[in-house]
Structure formats: structure tokens, C-alpha cells
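Contents: one structure, followed by commentary.
Residue numbers (the UniProt record's numbering): 1 to 508.
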């Protein structure tokens, strides 16, 4: 193999050379980085024998396992483009992404055999990872080392698809260089600055974020670069995750808020004291952050997305003896907040749509000129679709999605702010604030609440009124209705599905 520049496989080579005995733990197995590298060489050779050529797209439908990690590196060694299939998408959308991407080979565990059958690929191009008949993963491991491809940092490495919450999933392509730069930006922000979830070489990392979501936020690459022990738990289960965290001495995890909520309700949650969590994907309810703080769990918020990778991480800053926290761009990211009149915000408190620019942004959406022109500007900026506010410490706060923000009487109501305040009420588990059409104001907010205990709409309204008196929110931000539900629907990546809620509760 001949490689030039920043390549994903170079991260594993670093781990093999500097930390050969450090291990990855998966499904009861402990495999060293040196052993993994040898396996990756054999898998790369097997891929070539199967007919995988440089630039071919290979899909992987699997949970967080060692097999997935090895395929992440084998793709880079071979020059293939790996597509971690979002296995939580509806089957129709998942099949669409396989066809739209031009996926030529699919590696799938038995859990996703029905998806593999619907892929349209011939049997010899569907490799079942735990099947004992035909081509399976053990067959790949028994192969000979490949001759290696000439890999350049600007060669394509991975394809990802958005979760499809706003329509058909959109594809984006990332090169080796873009993936490595994006991963290293997280390592440096968490390691060198004042982040609660500090990430260092003596940490034991366990991703709860699935690999289909930005390669588990790049955690396999962080672990290899730092030489960390890396623990994989397969399909997420809160009780199983807690058991693994305690048994393996895990010190650092990543998760969306709904996962954290489940961990905190575990029967062994008290044993998680001192754990560090990188949290993202959706706003963190105040009640949950308070619970983590009481338990001695340290956390940092990360902001990013499929179509921009990591953009910002919450840091602590001090001025005049006062400590503040807000989102600050990771290294190499530029940010600007664009107000409704098209000018950039310059003063704290001003709000607008967040634009970012970074060396790892994709060139646009795959085979989608319309959405590309709507989201990517000619001078390199990406329109995130998020409403942000400038803070005094020069950071930002994300207030809402542009599509979710409520426009009432010509003014914005940031739903995440109202949700955060409602979540402070004891017994409130999850809350979603959505806009309902109103003939006078255009839209008015309503709150959909999942709670336990003796919660009532009057109790929540009383708390909101108290916060109005304290000046935390405006009176006209208070929801007109509060609806209690048994469950709040989630998207395929664990975010609250406001589209479904709007369809159910705002249709007149």
C-alpha cells in the first residue's frame, strides 16, 4: 500500500506502531491494535478478491462491533468508499440510500438480513457477517494480504446520509483528509481547552452513538490516535451499557440525551460517578444536566451534523471571576450568525441562522443540485438551518431549528429555550414545543410532555409564569396548550420527531 497525506488507515498504523498492545474490546474478545492491523490487511486482500476496486462504495449494516471497526480501516487501505447504513431508517428509505449511493457490496449482520435481501445486490455481493454459509466475515479474515492500493488524502473515503427527517435522506461524500481533520479537531478541542468531557490518552472510550452516525462521531479514530482502550457494546441497551462501563473501567462515552436519560435511570447509575460524556444530537434538558451534575458525571455538548461533521463544542470561559459556558468552534471552523435582514450578528444577544465554514465540509449533496444550492454558498459557507445567538464570551447558543422555530406575531419563539424551562419541573421526562397555526398570530406554541408522577398542566404553567417574572422568557412564549402523552416519537438518530408531532397535534 502506498499512501500520501492524511489518510484514515494512517491512524491505525500509528496505533500499531506506538500502542501495539492496547486493546479493542468487543463481544467478549480483546484484540490488540497490532492484531487488528493484521486482520485489516487480510480483509483488504479479501475485498480485492471479491472485486472491490478503488472508489467502489461498500455498505455496512451492523451495530457497534469490532467487525465494523476493521471494515472502517480496510476501506481506507483498499481505497473503497465505506457507507455506514443508517439501520434505524424505515426500510424503504434505507433501501433508497443503497440504490442512490450506487452501493456495490453490502456487509450485514443477521439482524439486517431482510435489508440485505431488499438491496437488489446479487448474493455474491451480500456478505453476511455472522453467517456460516457462503462468504462471511471469517472467510475475509482467512484471506491473504492485499497488494494495496495507492491511497491519497484527497481520495474519497466515506458516504453518509442524513436522517431524512425533512424529506428524502441526502447523501454527502468525505475524503480521507476531511475525515481525519474532522476527527482531530474534536480530539484537540477536548484535550487542550476547558471542556468538562476532557479526552486524553489514558481514557477508556466507549461509543454509544452508532457507527452509522458520523462513524460514532469519529470515536474509533480518536481511540487509535490517542492509543486508548476502545470498548464496543454492540446494539445499545442502557443496562448492558452500564454493566460494560463498570466492568471495563470506561471513563469516556458519547451519547444523545435520550441515551443519557436511560443510563441515569439504570439500577447501577450511582456507579457512573466520574464518567465523562460527550453529548449531542439534540438539546440537553435542564433536569437531565442537573441530575448528571448531582451524580458527579461530567459532560460537554457537541454541535455538528452529517453534512458538516463536528462544528463546535461547549467550553468554559472566565471573565472577571465569572465562568460562562457556550459553544465554541473546534479548530479550523469559522462561524457567523446571519440575521433576518441578511447581515451578520456582531453583538451578544443577536440571533440568526448559523453559517459555518470548515476545510472538511462536503462539496454538496450527492446527485442533488437543488438542495446543494440551497445549503452551500458559492464562497464556501454551509447554511446549517439552525437558529443561534451570540454570547458575551464570543461563543454561541443553539436556540432552535429554523424549520421548528415558532413565528408568532412576526417574532421568533425559540422552542428549545421553552423546552429547557419546562424540563426543570420535577417529573418531566421529555418535552417538545411545536407551533400550531393561529389566525391572529400566525403560530402559537403548544407543549407535548411525557412525565411521571402527579404532573398537571397547571403546575407546568405556574413554573413558566414564575420564569416570566424572573425575566427568563417572555410572557408570549408560554405555550397555549400542554398535552400529556405516554411516549414522544424519536427519529432514527434519537432526536425528537417534531414532524410526526406536528402532524398529530397541530392539524386543525
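We treat Cβ as the ideally placed atom computed from N, Cα and C, and that holds for glycine. Nothing here was measured: the structure is a model prediction, and the numbers come from that model.
Backbone CA spacing between residue i and residue j [nearest angstrom]
i           : j           : result
residue 378 : residue 93  : 30 Å
residue 105 : residue 111 : 17 Å
residue 479 : residue 14  : 54 Å
residue 133 : residue 123 : In this prediction, residue 133 scores a pLDDT of 48, lower than 50, which makes its location untrustworthy; the coordinate-derived value is nonetheless stated afterwards. Taking the straight line joining both Cα atoms gives about 12 Å.
residue 375 : residue 268 : 44 Å
residue 152 : residue 40  : 18 Å
residue 298 : residue 254 : 12 Å
residue 381 : residue 357 : 5 Å
residue 127 : residue 218 : 24 Å
residue 71  : residue 43  : 8 Å
residue 250 : residue 359 : 32 Å
residue 312 : residue 286 : 20 Å
residue 399 : residue 336 : 15 Å
residue 394 : residue 328 : 8 Å
residue 422 : residue 224 : 41 Å
residue 482 : residue 350 : 29 Å
residue 410 : residue 440 : 11 Å
residue 76  : residue 187 : 21 Å
residue 103 : residue 78  : 16 Å
residue 274 : residue 90  : 37 Å
CA nearest to the CA of residue i, picked from the options
i           : options               : result
residue 83  : 168, 153, 62 and 201  : 62
residue 46  : 140, 189, 11 and 12   : 140
residue 11  : 392, 138, 90 and 33   : 33
residue 330 : 411, 307, 435 and 183 : 183
residue 53  : 150, 241, 200 and 98  : 150
residue 307 : 264, 503 and 386      : 386
residue 390 : 347, 372, 423 and 409 : 347
residue 256 : 242, 125, 209 and 97  : 209
residue 533 : 501, 500, 467 and 9   : It is not possible to answer for residue 533, since the shown part of the chain is limited to 1 through 508.
residue 234 : 19, 504, 27 and 470   : 27
residue 199 : 289, 276 and 73       : 276
residue 49  : 401, 142 and 437      : 142
residue 408 : 324, 155 and 474      : 474
residue 19  : 417, 343, 201 and 463 : 201
residue 280 : 216, 227, 334 and 366 : 216
Bridge-paired residues (DSSP) for residue i
i           : result
residue 525 : Absent from the model: residue 525. The displayed extent of the chain is 1 to 508, so no value can be given.
residue 61  : 108
residue 376 : 382
residue 83  : 59
residue 388 : 352 and 398
residue 152 : 4
residue 335 : 356
residue 255 : 279
residue 316 : 325
residue 447 : 433 and 482
residue 206 : 253
residue 230 : 24 and 205
residue 171 : 161
residue 441 : According to DSSP, which records beta bridges pairwise, residue 441 is partnered with nothing at all.
residue 369 : Residue 369 pairs with nothing; no bridge assigned.
residue 428 : 451
Residue i vs residue j beta-carbon contact at 8 Å
i           : j           : result
residue 159 : residue 167 : no
residue 493 : residue 455 : no
residue 174 : residue 205 : no
residue 406 : residue 443 : yes
residue 197 : residue 252 : yes
residue 55  : residue 81  : yes
residue 429 : residue 451 : yes
residue 214 : residue 65  : no
residue 295 : residue 270 : yes
residue 6   : residue 181 : yes
residue 412 : residue 445 : no
Burial state of residue i (16 or more Cβ within 10 Å)
i           : result
residue 404 : buried
residue 414 : buried
residue 340 : exposed
residue 163 : buried
residue 129 : buried
residue 305 : buried
residue 29  : exposed
residue 496 : buried
residue 419 : buried
residue 278 : buried
residue 564 : Given a span of 1 to 508 for the chain in the structure shown, any question on residue 564 remains unanswerable.
residue 246 : exposed
residue 258 : buried
residue 522 : Absent from the structure is residue 522, since the part of the chain shown begins at 1 and ends at 508.
residue 138 : exposed
Neighbour flag for residue i against chain D, beta carbons, 8 Å
i          : result
residue 29 : In the displayed structure, chain D is absent; only one protein chain is listed.
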